[in-house]
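These notes concern the structure reproduced below.
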Amino acid sequence: MQAEQQQKVLRAQVVGKARLLHQMTLLLEERLHSNQQDVPISIEMISGAGDSAPFKRMLVELDVAYLRSDDMLNLLELKSVKPALYNLTRKEKDGVLYYDGADRIVFPYSFEQTVDGLSTVIMSSPDVDYTTVKVEDLKDTLKIKYQVKYQLSKTESVSCRVHGTAKKWREKHRLVFLWQCYTEGLGEFVVKQRGWLLVRWLKRQKGAAIKAVVLFWRAIRV
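Each residue of the sequence shown is one higher than the one before, starting from 7 at the first, in our numbering.
Set out below in structure tokens:
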């Protein structure tokens with residue numbers, strides 16, 4: 007019972023960052039800081055996604071990004087947050103509008119407890135009671151493809167197609183999650199997102215604790 011309660015608390019703290027489906031469907035960046043939220047009116051799962059070229063390319067890109075994880079994190083100024091939040095900063099470079107953020111979070115659980123909890127949350131659908139998405143779920147790899155439709159107004163709606171991948175690497179004293187999604191729709195509208203989640207030991211004080219470092223990268227090219 008205690009382990010189940012700890013997992014529920016852990017899920018509540020990190021769900022804003024770990025929900026892969028919801029992270030991938032936040033497509034309209036101009037509305038991120040608006041009080042008005044777009045509500046998806048339909049989400050259609052599409053089967054047979056694992057054989058497509060975009061997924062093969064995205065998994066290769068994740069492998070390359072994994073090798074650069076330490077270099078990427080060494081360049082960041084991480085901010086400690088409590089509880090886990092999803093706050094992005096708007097930036098623009100070379101004509102590309104993007105949002106990014108980097109946070110550091112400490113959880114009062116053992117390393118193994120946190121690894122198990124995060125693996126369950128991130129590598130599964132958040133809306134189906136931890137049931138892993140059955141598009142293609144290989145060992146430590148998740149692929150998903152779906153169509154999402156947003157209602158912008160009473161008379162206007164948009165439809166976008168999302169390809170998403172997630173992968174995890176278990177090291178001796180660290181767990182690394184990476185996910186990436188590619189969204190296309192609205193003519194030339196393209197959104198890319200890549201995220202890192204690293205879990206490692208903290209120095210032992212009272213009990214065992216871990217540090218989770220998260221980086222979100224997102225860009226729009228119209």
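Virtual Cβ for every residue (Gly too), placed ideally from N, Cα, C.
Candidates the options: closest to residue i by CA position
| i | options | result |
| --- | --- | --- |
| M78 | L184, S58, Q153, T161 | L184 |
| F61 | Q157, G201, K151 | K151 |
| R63 | Q186, E177, I128 | Q186 |
| V121 | L65, E162, W175, K160 | W175 |
| D69 | T189, T171, N80, Q157 | T171 |
| V164 | K173, T147, T189, V182 | T189 |
| T147 | T161, K160, M129 | M129 |
Run of the alpha helix (DSSP H) containing residue i, from where it starts to where it stops
| i | result |
| --- | --- |
| Y72 | 59–73 |
| S125 | 117–128 |
Within-8 Å CB hit, residue i to chain B
| i | result |
| --- | --- |
| K99 | Absent from the structure: chain B. Only one protein chain is present. |
Residue burial classification, residue i (beta-carbon count within 10 angstroms, cutoff 16)
| i | result |
| --- | --- |
| W207 | exposed |
| H179 | exposed |
| L73 | exposed |
| A149 | Looking at the sequence provided, one finds Lys at residue 149 rather than Ala. When all chains shown are included, K149 counts as buried. |
| R200 | buried |
| V127 | buried |
| V66 | exposed |
| L124 | buried |
| K230 | Nothing about residue 230 can be reported from this structure: the residues present for the chain run from 7 to 228 only. |
| H39 | Only weak support exists for where H39 lies, its pLDDT of 38 falling under 50; the value from the coordinates is given anyway. Looking at its Cβ environment, which holds fewer than 16 other Cβ atoms inside 10 Å, H39 is exposed. |
| V197 | buried |
Anticipated Cβ contact below 8 Å, residue i with residue j, distance rounded
| i | j | result |
| --- | --- | --- |
| V182 | V168 | Incorrect: roughly 23 Å between the Cβ atoms, too far for contact. |
| L203 | S75 | Their Cβ separation, rounded to whole angstroms, is 10 Å, which puts L203 and S75 out of contact at 8 Å. |
Where the beta strand (DSSP E) containing residue i begins and where it ends
| i | result |
| --- | --- |
| T161 | Segment: none, T161 is in no beta strand (DSSP E) and carries neither H nor E. |
| E190 | 180–191 |
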